[in-house]
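Here is the structure we will look at, set down as structure tokens.
Protein chains: 2
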Amino acid sequence: PPVPPGPKVHATRGEVWPRPASIRRSPGFYLLRPLSFYFQITGRRCALLEPATTRYLRVVQAEAAVAAPRPSRAHRTRAERNSWARAWRTDPLFRGYLRSLQVEVEDCEDWPWPGMDESYQLVVDDSAPGASKIKARSVWGALRGLESFVQLLSPSDDGATLLVNVTEVDDAPRFPHRGLLLDTSRHFLPVEDIKLELDALEAVKMNVLHWHIVDDQSFPWQSSLFPELSESGAYDPSQTYSPENVRDILEYARLRGIRVVAEFDTPGHTRSWGEGRPGLLAACHDSSGRPDGTFANIDPTKPQNREFLKQLFGEVAAVFPDPVLHLGGDEVPEFCWNSDPGVRAYMENRGISGDYRRLQSEYLRWLTLEVQRLNRTPVVWQEAWENGDFAANEVIVHVWLGDAMDLINKITRRGFRALLSETWYLDHLQTGWEAMYRIDPHNFAGTPDQLRLVEGGEACMWSEMVDATNVHSRVWPRAAAVAERLWSPRTTRDTTAAARRLEELVCRLNRRGIPSSPANGPGYCPR
Amino acid sequence: PPVPPGPKVHATRGEVWPRPASIRRSPGFYLLRPLSFYFQITGRRCALLEPATTRYLRVVQAEAAVAAPRPSRAHRTRAERNSWARAWRTDPLFRGYLRSLQVEVEDCEDWPWPGMDESYQLVVDDSAPGASKIKARSVWGALRGLESFVQLLSPSDDGATLLVNVTEVDDAPRFPHRGLLLDTSRHFLPVEDIKLELDALEAVKMNVLHWHIVDDQSFPWQSSLFPELSESGAYDPSQTYSPENVRDILEYARLRGIRVVAEFDTPGHTRSWGEGRPGLLAACHDSSGRPDGTFANIDPTKPQNREFLKQLFGEVAAVFPDPVLHLGGDEVPEFCWNSDPGVRAYMENRGISGDYRRLQSEYLRWLTLEVQRLNRTPVVWQEAWENGDFAANEVIVHVWLGDAMDLINKITRRGFRALLSETWYLDHLQTGWEAMYRIDPHNFAGTPDQLRLVEGGEACMWSEMVDATNVHSRVWPRAAAVAERLWSPRTTRDTTAAARRLEELVCRLNRRGIPSSPANGPGYCPR
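Chain order of the listed sequences is Y and G.
In this text, residue positions in the first sequence follow the working numbering: the first is 12, and each later residue adds one.
In this text, residue positions in the second sequence follow the working numbering: the first is 12, and each later residue adds one.
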């Protein structure tokens, strides 16, 4: 059929992403004057609320900037504009001006946590605008409600106000863990770019930044106990995160109700660790028994390495307050374990020669117990669990490979909690948002108990080919598909309807300074 | 094998991209103080030279910014820094300071054109720094030589100067047409982003911006004769190019020796044209003979449409000075030609009922002759030639689909000139820079006469999924592979060596404010 002119997908106006559990928009509407509108805190004055309402007032301004008269309208006379305003006032659906929104919270909390309550109710009242309010048990719900409220706004046609329909929202997330993994080892990401990602996470109600902070290629995290790790292991002194940088990011995330789950992946993926810490890694030896100059995997057989790890993870737990800590445990190759004489001798003495799975699982079990002693719940990638020997509920298992649904079924049947990332790898360019939208972490034949063990999931931005030049446009809009899948009811599945709302979301992110790329093909964002 | 820490590919220092036809770098070196270095125009003082040397002095500054002392060096005492400088001076390879570079041009020209001479010689003299110079027959060669010179510079270790080796370059491009297509119809690109792309083209010695300015989805070009085209056919009044915008872009390109080849694609790909011009497009009719409200293809059977096109292309030729004009002619569907009663009656009268190829080829032949009357050489996409009836050398044929080498062989055997874009579609995310680098427009068994008819090619950035948020990181670094293929000798083919130079180029583009994405996997740009 002929190609129609204009955008491929027409954006909605004033729809919320992710779609709330329950939302009823009525045709009646208010107008909102951005310069006089305010949020009125009527419940507890939680410390997080003041910065949140200030932040969202700025978003309201940004939305209003779109409503500025377009050039073709700029030539209207004042009289014409007045008659336009009068036309609004005589519209039977016009309910008046919305001057403020109440925000009523029962319980204050300071740090987001895995069990936090993000539910809220939002009413834009049909008859009494002053009764419009966000009601939430916890401050986290209020943050989510504020986000929903600003997303209900759309430019009115008079060029100066925003329009908001009479609306009732009753909302809560389906999964408690809704995250984005950022990898700052393959390429460094400046603090400001991480903050921009946090802005975007807030906009789609995601609540976890999984910070894959170090890996084989570089060690940008400055340890206070072991500064040599980043001094020798970072790409460059300019490409490191100081303790102050980390605090800055944690605080920025906290204010937005976003947890920061740090990952220190061991015993593989640690090549850069060895630069500042000779002896930490197993050394590959050639067939004649000489070191060949290459290294891989932490050597867990040396007591001094165990001691180092205890101290390092102690510092990590002191720096990152979240109760969850990601221990990695993925892709552990046999080399250099299989040629390092010390490792081989140890394994021989223990009678486990050649059983590298055993070496790995004993190491990770040990690390898990150490981390539990620090009051942290460990997460491990799926193969650490598959090759491992964990007691039920000792670790959360992160699924990224293979038949994910079958694996989640197995994991939860054995009483473990699970996170999904398979299909949600943002470095897979061939995976579009629709495919990410369709997969559902509950899409397996599990008992209600099993379903409850699925904590959610994460979109993963592995950064081999990504740095500050392209990270934002690569993450967005696709990560938004994951955000909706994890927040909205399971029945929210229609990709055609989602496409129209996503088209609106992309422009909303752009207006907030987040360079999301196009979602659906030809189109544009109104100015 | 174990993963090494650090960048996957180590960048070169001071290598030129695209690789010159002949370059000899010697170990002897000069230091260059960015704040006192200058270009000395010793030949003709062409109008283009002054802005070019000013521009390249700024690039020198940007390169020097990288050489600033790194944090770990910032703590050196002044005495330590002095001793460091003394160490340079006693290095037997140190040839002294390069205070200036002569630029000597024989012929001035004002507008870049298809036959322009871009050859140049560049010498950084071994014994007499003051004799160092760029020598070029035409001003265009001087521009290319200036680019090569700044790419020879690399940060020295003293944190204040740039290092340049004794070097001899004798250089000229292999193909005269080395372009990038930007599509501003599927998504609009702001003027500043087009200029940024022109900066990048200059950096890799590309000399054609193929501006695919309008298409089915939107008509952003403001015609002075027919303003209704963009008034009704643009996405939004803010998403148009005014005559002043176009002049601005043309001038920016001209100063950099870059031709702007506009494309007004007909008779298909014109849906947005019909918005402001009722009657221009054929109207689809349903089986009962009623218009179904959809349109496709210009209706070439109406005399008033031919008259409109004559006037429109007359204006296009007046606005865009380049002697080449792209007429499109690709992907012409039968609909709505096959149901529009006027088109059907015309074809019946002519005795060509059902022969839509004939209708298309007669139309394009007519348009070609009109455009030739305007002193423009037309380019058409391959199917317009395949389905067409052109006399030899009447059109340049642009190859984008299928067995490209076989087709170029056919095209040139019949005496037509050819351009290659197949494999160089930047919207194909699965095509990496290596694949783009390997294909060569001369890779067919043609006679020397045939080879001479291959004018070059273009990387194509179709913008269905691309707007200002991601266009730069999607074009670069891959378009640079095309730039080197079209400039450098055919024997420059080693992707391993190219990878190291490309790694350097990416950081160079980043320093100039062009957000090229990573080329080769994990790594970083030094600050």
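Built from N, CA and C at the ideal position, the CB exists for glycine as well.
- Scanning its chain for C-beta atoms nearer than 7 Å, with the 5 sequence neighbours on each side dropped, one finds around Trp-392(Y) the residues Gly-339, Gly-340, Asp-341, His-409 and Trp-411, in chain order.
- Residues of the segment 280-312 of chain Y with a C-beta atom less than 7 Å from some C-beta of chain G are Arg-282, Ser-283, Glu-286, Cys-295, Thr-305, Phe-306 and Ala-307, listed in chain order.
- Contact check between the segment 185-199 of chain Y and the segment 104-117 of chain Y: fewer than three CB pairs, one atom from each, fall below 8 Å, which does not count as touching.
- Within chain Y, the residues placing a beta-carbon under 7 Å from that of Gly-532(G) are Glu-475 and Met-476, ordered along the chain.
- Ala-76(G) and Tyr-252(Y) have their C-alpha atoms some 22 Å from each other.
- Each of Ala-211(Y), Ala-429(Y), Tyr-108(Y) and Val-406(Y) was checked against the Cα of Met-416(Y), and the nearest Cα belongs to Ala-429(Y).
- Collapsing the DSSP output to three states places Lys-321(Y) in a helix.
- Relative to the Cα of Val-382(G), the nearest Cα in the group Phe-275(G), Thr-434(G) and His-453(G) belongs to Phe-275(G).
- The beta carbon of Val-14(G) falls within 8 Å of a beta carbon belonging to chain Y, placing the residue at that interface.
- Boundaries cannot be given for His-439(G), as no alpha helix (DSSP H) includes it and DSSP labels it neither H nor E.
- When C-beta distances to chain Y are compared with 9 Å, the residues of the segment 190-221 of chain G below that value are Ser-196, Arg-197, His-198 and Phe-199, in chain order.
- The Cβ atoms of Gly-399(G) and Ser-364(G) do not sit closer than 8 Å to each other.
- In chain G, no part has a C-beta under 8 Å from the C-beta of Gly-362(Y); the shortest such distance is about 27 Å.
- For His-223(G), the enclosing beta strand (DSSP E) starts and ends at 219-223.
- Take the alpha-carbon of Thr-172(Y) and the one of Trp-99(Y): they are about 11 Å apart.
- Annotated three-state conformation of Glu-115(Y) is strand, per DSSP.
- Neighbourhood of Gln-441(Y) in chain G, by CB distance below 9 Å: Leu-440 and Gln-441, in chain order.
- At a cut-off of 8 Å between C-beta atoms, Gly-244(Y) counts as an interface residue with respect to chain G.
- Taking 9 Å as the Cβ-Cβ cut-off, the segment 221-233 of chain G approaches chain Y at Asp-226, Asp-227, Gln-228, Ser-229 and Phe-230, given in chain order.
- Val-257(Y) sits away from Val-335(Y), with the two beta carbons spaced by 8 Å or more.
- In the DSSP annotation of this structure, the continuous segment of the alpha helix (DSSP H) that includes Thr-506(Y) starts and ends at 506-522.
- Residue pairing by DSSP places Gln-132(G) opposite Lys-146(G) and Asp-181(G) in a beta bridge.
- The segment 259-269 of chain G and the segment 211-220 of chain G touch, with no fewer than 3 CB-CB distances between them shorter than 8 Å.
- At a Cβ-Cβ threshold of 8 Å, Phe-199(Y) and Ser-229(Y) count as neighbours.
- Chain order gives the chain G residues near Gln-250(Y) as Tyr-535, where near means a beta carbon separation below 7 Å.
- Chain Y has no Cβ within less than 8 Å of the Cβ of Asp-341(G).
- Minimum Cα-Cα distance from Tyr-263(Y) among the listed residues Pro-488(Y), Leu-516(Y), Ser-47(Y) and Leu-59(Y) corresponds to Leu-59(Y).
- Straight-line spacing of the CA atoms in Leu-370(Y) and Ala-307(Y) works out to 14 Å.
- Residues of chain Y with a Cβ closer than 8 Å to the Cβ of Ser-484(G) are, in chain order, Thr-480, Asn-481 and Ser-484.
- Residues are counted here when their Cβ sits less than 9 Å from a Cβ of chain G; for the segment 15-38 of chain Y these are Pro-15, Pro-16, Gly-17, Pro-18 and Lys-19, given in chain order.
- One Cα belongs to His-21(Y), the other to Val-517(Y), and the distance between them is close to 12 Å.
- Counting only runs of 4+ residues, the alpha helix (DSSP H) found wholly inside the segment 26-81 of chain G occupies 60-77, in chain order.
- Closest in C-alpha terms to Glu-466(Y), from the list Val-390(Y), Gly-25(Y) and Gly-534(Y), comes Val-390(Y).
- Residue nearest to Asn-420(Y) within the set His-337(Y), Leu-462(Y), Pro-529(Y) and Trp-473(Y) is Leu-462(Y) (criterion: CA-CA distance).
- Restricting attention to alpha helix (DSSP H) runs no shorter than 4 residues, the segment 213-263 of chain Y encloses them at 239-244, ordered along the chain.
- Sequence-ordered contacts of the segment 411-426 of chain Y with chain G are nonexistent [C-beta pairs closer than 7 Å].
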